[in-house]
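**Q** Below is one structure. I have some questions about it.
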Amino acid sequence: MASFGRVRIGDLLVEKGLVHARDVAAALSSTEVGRLCSVLITRGVLEFDVAARALGEQRGVPAALARHLEGRDTSLAAKLPSDFGRASCALPIGRTTGGAMIVAARDPDAALRTSLERLVGSVTLVVTPATRLEQLIAAAYGDAPRDEFDIDIDSAVDLWPLDPPPPDVDMLDPDSIRMALSSLDDVRVAKDPNQSGLIQMSTVSPSPSIKLQPAGRALPPAAPKIAAILEALERAASREVASDLAMSFIAGRWLAGAIVVVRDDTAIGYRGHGIADLAELHLPLRLPSTIARAVQTQRTKSEMPPSPAQDQLARVLHAQAITAAPVIVEGRVMAVVATGDSIHGSADTNAANELGQLAYALGEAWDRIRRG
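Residue numbers (our numbering): 80 to 451.
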């Protein structure tokens with residue numbers, strides 16, 4: 080199903096006559112914590128199984144009904160690391176006749192499927208309302224620890240995590256319920272910055288032929304300078320242009336790097352350089368990693384103790400020394416720029432400082448463009 084054709088869950092419920100439009104409007108305007116279906120269920124205006132079926136239709140996946148959750152195989156929860164289950168809001172509930180593990184998820188997207196398949200093999204993802212699923216996950220894995228730096232940007236509406244927005248929703252607007260980048264035409268594709276044509280600007284680089292290189296191969300010595308990139312970001316006319324400029328600098332400065340979007344409690348790969356599979360960048364922010372720490376502290380961070388998330392980040396960026404800098408819009412971390420080894424080696428002591436400058440300027444550009 081094409082993502083642009085996906086109807087929002089509130090609209091779907093109203094169109095099918097499952098709830099009144101006034102109930103949806105009241106739920107969206109309320110201060111109750113939770114996603115739309117969960118709020119409607121709690122208010123008693125929507126039955127759990129009806130909500131589950133509607134979510135299944137919206138997402139194009141099977142739905143887990145109340146009886147499926149009650150009859151789940153509780154022993155399967157141990158097949159997933161507890162931190163992963165909590166952060167991804169995913170819980171194994173059974174197996175298909177073919178042996179695939181059935182995993183109930185709040186957001187059954189392709190990136191989650193990829194992560195699950197690495198952990199447990201073949202999976203069948205099903206969707207179910209968050210209200211009951213979150214309770215079962217807390218019972219199976221315990222409550223996640225939260226510290227003073229945790230950022231709560233949970234959406235009030237059940238959303239497919241990487242859907243492009245409807246025309247009236249600005250994904251980079253901090254006031255938007257969607258909280259992600261709007262230009263996702265090339266989501267999870269390692270994009271050559273030359274695709275935009277912007278690299279040929281003399282103010283950006285004296286070389287019009289900068290290409291993304293596999294990790295471990297030297298890049299041409301003529302790379303964009305930080306001052307030129309910062310100046311160009313001040314003139315960027317769109318978020319697409321600003322993102323391309325940032326990636327052009329990363330491609331000429333580090334062997335591998337990425338821009339990841341912060342969605343709910345997950346960092347999701349958006350643009351990449353020197354990365355074989357950008358879909359591998361799907362990191363729960365509740366697990367320790369350099370990216371998670373950059374989000375939590377809103378500062379440029381380097382180095383972290385070993386952890387599953389940090390190990391995955393190191394594999395993707397082909398480096399043990401990772402630096403991450405937050406992209407902040409109106410006080411919120413909207414994305415993180417993460418890099419591996421500098422092309423100049425360990426003697427390059429200015430790389431972290433320049434990464435912080437780049438991330439700050441990118442946030443300023445996005446904010447300026449958002450304000451119009």
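All residues carry an ideal CB built from backbone N, CA and C; glycine is no exception.
With a threshold of 7 Å (Cβ to nearest heavy atom), would Asp356 be considered close to the ligand FAD?
**A** As for the ligand FAD, it is missing from this structure, which has no ligand bound.
**Q** From this set, Ser425, Val340, Ala307 and Ala100, which residue's C-alpha is nearest Gln436's C-alpha?
**A** Along the sequence shown, read from residue 1 onward, the residue named residue 436 stands at position 357. Gln436 has its Cα closest to that of Ala307, out of Ser425, Val340, Ala307 and Ala100.
**Q** Using only the alpha-carbon positions, how far apart do Ala209 and Thr345 sit?
**A** Along the sequence shown, read from residue 1 onward, the residue named residue 209 stands at position 130. Along the sequence shown, read from residue 1 onward, the residue named residue 345 stands at position 266. Roughly 16 Å separates the two Cα atoms.
**Q** Just to confirm before moving on: does the CB-CB distance between Gly336 and Gly353 stay below 8 Å?
**A** As a working note, residue 336 is residue 257 in the sequence shown. As a working note, residue 353 is residue 274 in the sequence shown. Taking 8 Å as the Cβ cut-off, Gly336 and Gly353 qualify as a contacting pair.
**Q** Considering only residues of the same chain and omitting the five flanking positions on each side of Ala393, which have a CB-CB separation below 6 Å?
**A** Locating residue 393 in the sequence shown gives position 314, counting from the first residue. Taken in chain order, the residues that qualify are Gln399.
**Q** Counting C-beta neighbours from all protein chains within 10 Å, is the total for Leu107 16 or more, i.e. buried, or is it exposed?
**A** Reading the sequence shown from its first residue, position 28 is the one you call residue 107. Under this definition Leu107 is an exposed residue.
**Q** For Lys158, which beta-bridge partners are listed by DSSP?
**A** Position 79 of the sequence shown holds residue 158. None; Lys158 has no bridge partner.
**Q** Looking at the unbroken alpha helix (DSSP H) that takes in His147, where does it start and where does it end?
**A** By one-based count along the sequence shown, residue 147 stands at place 68. From DSSP, the alpha helix (DSSP H) with His147 extends over Ala145 to Glu149.
**Q** To the nearest angstrom, how far is the alpha carbon of Gly123 from that of Cys116?
**A** Numbered from its first residue, the sequence shown carries residue 123 at position 44. Numbered from its first residue, the sequence shown carries residue 116 at position 37. Cα to Cα, Gly123 sits roughly 11 Å from Cys116.
**Q** Quick one: using the 10 Å Cβ neighbour count with 16 as the cut-off for buried, is Asp162 buried or exposed?
**A** The residue given as residue 162 occupies position 83 in the sequence shown. Buried, by the Cβ-count rule.
**Q** In this structure, does DSSP put Gly351 in helix, strand or coil?
**A** Looking up residue 351 in the sequence shown gives position 272. In this structure, Gly351 counts as strand in the three-state DSSP scheme.
**Q** Compare the beta carbon distance of Pro159 and Leu198 with 8 Å and say whether it is the shorter of the two.
**A** Taking the first residue of the sequence shown as 1, we reach residue 159 at position 80. Taking the first residue of the sequence shown as 1, we reach residue 198 at position 119. According to the sequence shown, residue 159 is Leu rather than Pro. Yes, the Cβ-Cβ distance between Leu159 and Leu198 is below 8 Å.
**Q** Between the alpha carbons of Ala145 and Arg87, how many angstroms are there, rounded?
**A** In the sequence shown, the residue the question calls residue 145 occupies position 66. In the sequence shown, the residue the question calls residue 87 occupies position 8. The straight-line gap from Cα to Cα measures roughly 23 Å.
**Q** In the DSSP assignment, find the unbroken beta strand (DSSP E) run with Leu170 in it and report its ends.
**A** Here residue 170 refers to the residue found at position 91 of the sequence shown. Per DSSP, Leu170 belongs to the beta strand (DSSP E) from Ala169 to Arg174.
**Q** On the DSSP letters alone, give me the boundaries of the alpha helix (DSSP H) that Ala325 sits inside.
**A** In the sequence shown, counting from the first residue as 1, residue 325 sits at position 246. Ala325 -> alpha helix (DSSP H) spans Arg318 to Arg332.
**Q** Should the stretch 326-336 be regarded as contacting the stretch 357-371, the criterion being three or more beta carbon pairs within less than 8 Å?
**A** Short answer: they don't touch.
**Q** Tell me which same chain residues have a C-beta within less than 8 Å of the C-beta of Val415, skipping the five on either side of it?
**A** Indexing the sequence shown from 1 puts residue 415 at position 336. Only Ile338, Val339, Val341, Ala346, Ile370, Ala373, Val374, Ala403, Ala404, Pro405, Val406 and Ala438 meet the Cβ criterion.
**Q** Which class does Leu51 belong to by DSSP, given the choice of helix, strand or coil?
**A** A query on residue 51 cannot be resolved here, the shown segment of the chain reaching from 80 to 451 and no further.
**Q** With Arg372 as the anchor, note down where its alpha helix (DSSP H) starts and where it stops.
**A** Here residue 372 refers to the residue found at position 293 of the sequence shown. Its alpha helix (DSSP H) spans residues Thr369 to Thr376.
**Q** Straight-line CA distance for Arg267 to Thr193?
**A** Locating residue 267 in the sequence shown gives position 188, counting from the first residue. Locating residue 193 in the sequence shown gives position 114, counting from the first residue. Interpretation of Arg267 is limited by its pLDDT of 34, a score under 50 that renders its predicted location unreliable; no figure is taken from the coordinates.
**Q** Mind checking whether Met180 and Leu148 have CB atoms under 8 Å apart?
**A** Locating residue 180 in the sequence shown gives position 101, where the first residue counts as 1. Locating residue 148 in the sequence shown gives position 69, where the first residue counts as 1. Result no, Cβ atoms of Met180 and Leu148 do not sit closer than 8 Å.
**Q** Using CA atoms only, rank isn't needed, just tell me which of Leu204, Ala169, Leu91 and Ala431 is closest to Ile216.
**A** On the sequence shown, residue 216 is found 137 positions in, with the first residue counted as 1. Residue Ala169 is the option with its Cα nearest to Ile216.
**Q** Hey, could you find the ends of the beta strand (DSSP E) Pro384 is sitting in?
**A** Position 305 of the sequence shown holds residue 384. Element bounds for Pro384: n/a, residue is neither H nor E.
**Q** For the alpha helix (DSSP H) containing Gly442, list its first residue and its last residue.
**A** For the purposes of this step, residue 442 is identified with residue 363 of the sequence shown, where counting begins at 1. It spans Ala430 to Arg450 - the alpha helix (DSSP H) in which Gly442 sits, taken as one unbroken run.
**Q** Less than 8 Å between the CB atoms is what I'm expecting for Arg138 and Pro187, so what's the real figure, rounded?
**A** In the sequence shown, residue 138 corresponds to position 59, counting from 1. In the sequence shown, residue 187 corresponds to position 108, counting from 1. Confirmed, about 6 Å.
**Q** Does DSSP put Leu251 in a helix, a strand or coil?
**A** Locating residue 251 in the sequence shown gives position 172, counting from the first residue. The predicted model places Leu251 with a pLDDT of 40, which falls under 50 and marks its position as unreliable; any figure quoted below should be read in that light. Note: Leu251 maps to coil in three-state DSSP.
**Q** Can you give me the C-alpha to C-alpha distance between Ile230 and Arg114, rounded to a whole angstrom?
**A** Numbered from its first residue, the sequence shown carries residue 230 at position 151. Numbered from its first residue, the sequence shown carries residue 114 at position 35. Low confidence applies to Ile230: its pLDDT is 31, below 50, so where it sits in the model is not reliable, and the reading given next is rough at best. Straight-line Cα distance between these residues: approximately 17 Å.
**Q** Cutting at 8 Å between CB atoms, please list the residues of its own chain near Leu134, excluding the five before and the five after it.
**A** Here residue 134 refers to the residue found at position 55 of the sequence shown. Ile88, Cys116, Ala142, Val206, Thr207, Pro208 and Asp237.
**Q** At the level of alpha carbons, what is the spacing between Arg350 and Ala417?
**A** Translated into the one-based positions of the sequence shown, residue 350 becomes position 271. Translated into the one-based positions of the sequence shown, residue 417 becomes position 338. Computed Cα separation, rounded: 11 Å.
**Q** Leu441 and Leu360 - do their beta-carbons sit closer together than 8 Å?
**A** Taking the sequence shown and counting its residues from 1, one reaches residue 360 at position 281. Taking the sequence shown and counting its residues from 1, one reaches residue 441 at position 362. Cβ atoms of Leu360 and Leu441: not closer than 8 Å.
**Q** Where do the N-terminal and C-terminal ends of the alpha helix (DSSP H) with Gly135 fall, by residue?
**A** Position 56 of the sequence shown, counted from the first residue, corresponds to residue 135. First-last of the alpha helix (DSSP H) with Gly135: Phe127 to Arg138.
**Q** Suppose contacts are defined by Cβ-Cβ distances below 8 Å. Is Tyr220 in contact with Gly173 by that definition?
**A** The sequence position of residue 220 within the sequence shown is 141, counting from 1. The sequence position of residue 173 within the sequence shown is 94, counting from 1. No, the Cβ-Cβ distance between Tyr220 and Gly173 is not below 8 Å.
**Q** May I ask you to list the residues that DSSP assigns as paired with Lys380?
**A** Numbered from 1 along the sequence shown, position 301 holds the residue referred to as residue 380. Ala403.
**Q** Let me check one thing: in DSSP terms, what residues is His361 bridge-paired to?
**A** Here residue 361 corresponds to residue number 282 of the sequence shown, with the count starting at 1. Per DSSP, Ile347.
**Q** Please state the DSSP three-state secondary structure of Gly164.
**A** Against the sequence shown, residue 164 aligns to sequence position 85. In the structure shown, Gly164 sits in a helix (DSSP, three-state: H, G or I).
**Q** Which residue's Cα is closest to the Cα of Val320: Ala105, Arg447 and Asp420?
**A** Indexing the sequence shown from 1 puts residue 320 at position 241. For Val320, the nearest C-alpha among the options comes from Arg447.
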